[in-house]
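Take a look at the structure set out below.
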Amino acid sequence: MSAVDDAVRRRAIHRQAASIVAAVAPFGVVFGASAATAGLSLIEAVGFSALVFGGSSQFAAVEILGDGGSVASAAVAGLLLNVRSLAFGVIMAPALFGAWWQRAAMSQLMIDESTAVGAAQAERRWRRYGYLVAGIGVFVVWNLTTMLGFVAFAGAGDLITDLGLDAAGPAAFLALLWPRLSSAPQRRTAVAGALIALALIPFAPPGVPILAAMLGVAASGIGRRPDE
Amino acid sequence: MSDATIVLIVMTIGTFALKAAGPLVLGDRSLPARLQQVVDLLPAALLAALAIVSTVGDSRSIVIDARLVGLAVAGLALWRRLPFVVVIVLASAATAITRLIA
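So this is what it looks like as structure tokens:
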């Protein structure tokens, strides 16, 4: 590998990471605004973005808290959304080499975006580089936009509905779900999960419908014959 | 301590463990195939549930309002392969406009 090849590869990774970081920014603003609306303090809102650092899990927890759900249902729903980090960890582990504390530190950048950019590269060192660039980029922008959203929209619930920002969360969830829908087992799981959640809204405390939706995996058909 | 702070602490510890488990414990080994299949499917169920609950849910009741128009527009935009940011902006705008008209 020549230095020129390296520079080209590095630039390609920077471009991929930049578009992903830009896409995350409005989402961060909405998270900050949702946190403010749900009654969190600024420290708590930024705490979620800096310490938990997992977009959909933060939204889930804050959504449930704002809806009057229990601590347990908010925490469990949020954590369940991060269970996929286990799978990401398996995918990225070979690229995140180093001493145990280095691996532990790098693993905290493990989100959809950093894993996507990292896993898209062919060689181990570029997987590591892509993962770190996207992860650090998203981390910085995510935290800054959380603060911006919180401060700009704090106590302005009307502004959020006037601007239709309460539809941004649903749209973002659908956008994150979308790429999965091209696979039949994923599609069956999603439809079953949505129906279970919808059916439980009037009967179960907030948060429970989202947890129960996990049972939708049973509808995926993965338990059937392997040729199906 | 507020409820949100307790949730934040629990999620910070739990998420740290979930994120670090692969690189620290599994290393180069992979999960059993069956478990891997279930882990791969969980996000689809949860994201679909979040989309539907945040669209029509309001505490313990189902409320059909302008958010549903936003979700429909988001679906249309995704089907047309528009970028993430555009999907969010269009969904928000459609919801805002629906409220103005209604």
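As given, the protein sequences belong to chains A and B, one line each in that order. Here the first sequence stands for residues 17 to 244, numbered as in my numbering. Here the second sequence stands for residues 7 to 108, numbered as in my numbering. We treat Cβ as the ideally placed atom computed from N, Cα and C, and that holds for glycine.
What residues of chain A sit near Met-7 of chain B, judged by a beta carbon separation below 7 Å?
Ordered by position in chain A, no residue passes the 7 Å Cβ test against Met-7 of chain B, which lies about 10 Å from the chain.
Whole angstroms is fine: what's the gap from Ala-206 of chain A's alpha carbon to Leu-88 of chain B's?
If you take the alpha carbons of Ala-206 of chain A and Leu-88 of chain B, they lie about 21 Å apart.
Note down, in chain order, all residues in the region 16-29 of chain B with a beta-carbon under 8 Å from any beta-carbon belonging to chain A.
Against chain A - using a Cβ distance shorter than 8 Å - the residues of the region 16-29 of chain B are Val-16, Met-17, Thr-18, Gly-20, Thr-21, Phe-22, Leu-24, Lys-25, Ala-26, Ala-27, Gly-28 and Pro-29.
My parser needs the alpha helix (DSSP H) runs of 4 or more residues fully inside the region 74-132 of chain A; what are they?
Taking only runs of at least 4 residues, the alpha helix (DSSP H) segments lying wholly in the region 74-132 of chain A are 87-97, 100-108 and 116-123.
With a threshold of 8 Å between beta carbons, is Ile-107 of chain B in contact with chain A?
It does not; no Cβ of chain A falls within 8 Å.
So, do the region 150-167 of chain A and the region 89-107 of chain A have three or more beta carbon pairs nearer to each other than 8 Å?
With a cut-off of 8 Å, the region 89-107 of chain A and the region 150-167 of chain A do not count as touching, because too few Cβ pairs lie within range.
Going by C-alpha distance, which of A:Ala-215, A:Gly-223 and A:Gly-44 is nearest Ser-89 of chain A?
Checked all of A:Ala-215, A:Gly-223 and A:Gly-44; the closest Cα to Ser-89 of chain A is A:Gly-223.
If you draw a straight line from the C-alpha of Ala-23 of chain B to the C-alpha of Gly-84 of chain A, how long is it?
If I take the Cα positions, the gap works out to 27 Å.
Can you find a CB in chain A that lies within less than 8 Å of the CB of Arg-86 of chain B?
It does not; no Cβ of chain A falls within 8 Å.
Using only alpha-carbon positions, find the residue among A:Ala-136, A:Tyr-145 and A:Asp-178 that is nearest to Met-122 of chain A.
Out of A:Ala-136, A:Tyr-145 and A:Asp-178, A:Tyr-145 has the C-alpha closest to the C-alpha of Met-122 of chain A.
Return helix, strand or coil for Ser-67 of chain B, following the three-state DSSP convention.
If DSSP states are grouped into helix, strand and coil, Ser-67 of chain B belongs with the strands.
Examine chain A for any beta-carbon lying closer than 8 Å to the beta-carbon of Leu-82 of chain B, and answer yes or no.
Output row for Leu-82 of chain B: interface = no.
Would DSSP call Glu-60 of chain A helix, strand or coil?
Reduced to three states, the DSSP call for Glu-60 of chain A is helix.
Compare the beta carbon distance of Gly-246 of chain A and Met-17 of chain B with 8 Å and say whether it is the shorter of the two.
Outside the shown range of chain A (17 to 244) lies residue 246 of chain A, about which nothing can therefore be said.
Over the uninterrupted alpha helix (DSSP H) stretch that includes Ile-103 of chain B, give me the two end residues.
Its alpha helix (DSSP H) spans residues 90-107.
Check whether the Cβ of Asp-243 of chain A lies closer than 8 Å to any Cβ atom in chain B.
The predicted model places Asp-243 of chain A with a pLDDT of 46, which falls under 50 and marks its position as unreliable; any figure quoted below should be read in that light. Chain B contact via Cβ: absent.
Between Leu-14 of chain B and chain A, is there a C-beta pair that is closer than 8 Å?
Judged by the 8 Å Cβ criterion, Leu-14 of chain B is in contact with chain A.
Below 7 Å CB to CB, which residues in the same chain sit around Val-45 of chain A once its five sequence neighbours on both sides are set aside?
So the list reads Thr-161, Leu-164 and Gly-165, once near-sequence residues are dropped.
Thinking C-beta only, is Ile-36 of chain A closer than 8 Å to Glu-129 of chain A?
Their beta carbons are under 8 Å apart, which means Glu-129 of chain A touches Ile-36 of chain A by this criterion.
Using 8 Å as the threshold, is the C-beta distance between Leu-181 of chain A and Ser-72 of chain A below it?
Not closer than 8 Å, so no.
Any Cβ of chain A within less than 8 Å of the Cβ of Ala-97 of chain B?
It does; some Cβ of chain A falls within 8 Å.
Got a sec: is the Cβ-Cβ distance from Glu-79 of chain A to anything in chain B below 8 Å?
So yes, Glu-79 of chain A belongs to the interface.
Counting only Cβ pairs nearer than 8 Å, list the residues of chain A close to Ala-39 of chain B.
Chain A residues near Ala-39 of chain B: none, gap ~10 Å exceeds 8 Å.
Anything in the region 175-195 of chain A with a Cβ closer than 8 Å to a Cβ of chain B? List those residues in chain order, please.
From the region 175-195 of chain A, only Thr-177, Asp-178, Leu-179, Gly-180, Leu-181, Asp-182, Ala-183, Ala-184, Gly-185, Pro-186, Ala-187, Ala-188, Phe-189, Leu-190, Ala-191, Leu-192, Leu-193 and Trp-194 have a Cβ closer than 8 Å to chain B.
Between Val-62 of chain A and the rest of its own chain, which residues show a CB-CB distance below 7 Å, the 5 nearest in sequence each way excluded?
Cβ within range, chain order: Asn-159, Thr-162 and Met-163.
Suppose you measure from the CA of Ala-80 of chain B to the CA of Phe-64 of chain A; what does that come to, to the nearest Å?
Straight-line Cα distance between these residues: approximately 26 Å.
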